[in-house]
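Engineer: In my numbering, the protein residues as written are 46 to 367. One structure coming up, written as C-alpha cells, with questions to follow.
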Amino acid sequence: MDVSVVTVSYQSREDVLGLLASIGQHPASREVEVHVVDNASTDGTEDAIRQRYPDVAFQQMGYNSGFSRANNAAIVKCRGRYLLLLNPDTRVTAGCIDSLVGFMDQNPDVAAVGPKILNRDMSLQASIRNLPTLRGALLEAVFLHHFFPRFLARYGEMVYDVSAYESAHPVGWLSGAAMFVRRSALDQVGLLDEEFFLFSEEIDWFKRMNDAGLAVWFFPGSCIIHRDDKGDRNPNLIAIDVDSRRLYWHKHASAPVAFVAISILAFNMSVRYVLWSLVAFRGDSYAVRQRTALGRGLRALSPSGRPVRPTPEQHTIRGGAR
C-alpha cells in the first residue's frame with residue numbers, strides 16, 4: 046500500500062462527501078486507501094459514507110474526541126508507506142497524490158511535506174510557517190506582517206511572502222489542513238499528541254520531527270484546494286486555539302520563555318479585541334463575532350479560564366476549522 050488518506054469529520058457531512066468525491070474524480074496511479082474517522086456527528090455523515098463509499102474504512106469514535114485522537118485512531122490502522130492527513134473541507138486535484146509520492150520517493154531524508162494550498166477561488170493560501178519563537182510572536186503581535194511580508198518570512202512565524210511558495214524548500218511547520226507524512230518517521234517521533242484537542246498539534250508534531258533531525262518540506266508541485274472559512278468559525282474555537290498554543294509553549298519552552306510568549310499572545314489579542322470592538326459599535330456583525338471570539342480567547346488565558354474539552358452536544362468543532 047502506497048498512501049493512506051485520513052480525514053476526521055465532525056458535523057461536516059457535505060464537506061467530507063465532497064472530499065471523497067474529489068479523490069474519486071482524480072484517482073492516483075498508486076495504491077491508495079481512505080480512512081474516515083467521525084467524532085459522533087449527528088448530521089448523517091456515517092450513513093452517507095457507508096452507503097456511498099463502502100470501500101472507505103470508516104471508524105466511529107462515539108464522542109467528540111478532537112483532531113489528534115481521531116487521526117491517531119486511523120493512523121494505527123493505516124497500511125500505507127505514506128499518510129495523507131486532510132481536512133474534510135479540502136479537495137484533491139489531478140495528480141496531487143502521485144506528485145507527493147514522487148517527491149518523497151526521490152527525497153528519502155524528508156519526513157513530511159506539504160503541498161501548495163489554494164483557496165476556492167484558486168488564490169494562494171498561506172500554509173508555510175516557521176517554528177514559533179518569541180521574536181516571531183512579537184513581530185506578529187504588532188502586525189508587521191501586513192507591511193513587511195518578506196521580513197516576516199524570515200523572522201516571523203506565518204510566511205506571507207508569495208515568493209516562498211514558488212519552489213520546494215525546508216520549512217518549520219505546515220498547515221494541518223494537508224500533511225503528507227512518511228509512515229516510518231513515526232517510529233522516531235510517535236503519533237500526534239492527544240493532549241492537543243484541536244490546533245497546535247501539527248506544530249508540536251513538526252517540532253518533534255525537526256528536533257529528531259527529520260526534514261519537513263514544502264512542495265509546490267502538488268496542489269490541494271481548501272475552503273478555510275475562518276469568518277464562519279464558532280467563537281469557541283478561539284479559546285481552544287489559545288489554550289493549545291499555551292500548551293505548546295509550556296511543552297517546548299522553559300517556564301520564563303513560556304510566560305513571555307503567552308503574555309505576548311495576550312497583548313496581541315487585547316489589541317485586536319479593542320480594534321474589533323470599535324468596529325462593532327457600528328453594528329458590523331462580523332466585527333461582533335470577532336470581538337466575541339477574542340473575548341473568549343482572552344478569558345481562556347486567565348488562570349481560571351482554561352476551556353474544557355467540548356462534548357459532542359456543544360458543537361464547537363467544525364470540519365473546516367483549521
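Virtual Cβ for every residue (Gly too), placed ideally from N, Cα, C.
For the candidate residues Arg97, Ile94, Ala73, whose alpha-carbon lies nearest to that of Gly140?
Structural biologist: Ala73
Engineer: In the DSSP output, which residue or residues are listed as bridge partners for Glu91?
Structural biologist: DSSP output for Glu91 lists no bridge partner at all.
Engineer: So, with DSSP's three-state summary, where would you put Gly147?
Structural biologist: helix
Engineer: With a 10 Å radius around its C-beta and 16 neighbouring C-beta atoms as the bar for buried, classify Asp256 as buried or exposed.
Structural biologist: exposed
Engineer: Which residue spans inside the stretch 224-251 form an unbroken beta strand (DSSP E) run of at least 3?
Structural biologist: none
Engineer: Would you please state the rounded distance, in angstroms, between the beta carbons of Trp262 and Ala213? I believe it to be under 8 Å.
Structural biologist: 6 Å
Engineer: Can you name, in chain order, every residue of its own chain whose Cβ lies under 7 Å from the Cβ of Asp249, other than the five neighbours on each side?
Structural biologist: Contacts found: Asp238, Phe241, Tyr293, Lys296.
Engineer: To which residues does DSSP link Ile270 through a beta bridge?
Structural biologist: Its beta-bridge partners are Arg136, Leu163.
Engineer: Can you name the start and end residues of the beta strand (DSSP E) that Asp154 belongs to?
Structural biologist: Run containing Asp154: none; DSSP gives neither H nor E here.
Engineer: Evaluate contact between the stretch 109-118 and the stretch 92-100, counting only Cβ atoms and requiring at least three cross-stretch pairs below 8 Å.
Structural biologist: no
Engineer: Does Tyr127 come out as helix, strand or coil in the three-state DSSP assignment?
Structural biologist: strand
Engineer: If you follow the alpha helix (DSSP H) that Val302 is part of, which residue opens it and which one closes it?
Structural biologist: 300-325
Engineer: Asp143 and Arg75 look like a contact to me (Cβ under 8 Å); what is the Cβ gap, rounded to whole Å?
Structural biologist: 6 Å
Engineer: Rounded to whole angstroms, what's the CA-CA distance from Val14 to Gln335? Just pull it up for me.
Structural biologist: As shown, the chain starts at 46 and ends at 367. That puts residue 14 outside it, with no answer to give.
Engineer: Rounded to whole angstroms, what is the Cα-Cα separation between Leu323 and Asn313?
Structural biologist: 16 Å
Engineer: For Ser113, name the three-state secondary structure that DSSP assigns.
Structural biologist: helix
Engineer: For Asp286, tell me which candidate among Arg126, Val137, Gly340 has the shortest Cα-Cα distance.
Structural biologist: Gly340
Engineer: Hey, how far is the Cα of Ala306 from the Cα of Ala182?
Structural biologist: If you take the alpha carbons of Ala306 and Ala182, they lie about 7 Å apart.
Engineer: If you draw a straight line from the alpha carbon of Ala325 to that of Val187, how long is it in whole angstroms?
Structural biologist: Roughly 21 Å separates the two Cα atoms.
Engineer: Which word fits Pro160, buried or exposed, when buried means at least 16 other C-beta atoms lie within 10 angstroms of its C-beta?
Structural biologist: buried
Engineer: Using DSSP with H/G/I as helix, E/B as strand and the rest coil, what is Asp60?
Structural biologist: helix
Engineer: Starting from Pro99, follow its DSSP beta bridges and name the residues at the other end.
Structural biologist: DSSP lists no partner for Pro99.
Engineer: Mind reading off the beta-carbon distance from Leu163 to Ile270? Whole number of angstroms is fine, and I expect it under 8 Å.
Structural biologist: 5 Å
Engineer: Phe225 and Ala157 - do their beta-carbons sit closer together than 8 Å?
Structural biologist: Yes, the Cβ-Cβ distance between Ala157 and Phe225 is below 8 Å.
Engineer: Over what stretch of residues does the beta strand (DSSP E) that includes Val48 continue unbroken?
Structural biologist: It spans 48-54 - the beta strand (DSSP E) in which Val48 sits, taken as one unbroken run.
Engineer: Classify Val51 as buried or exposed, calling it buried when 16 or more other Cβ atoms lie within 10 Å of its own Cβ.
Structural biologist: buried
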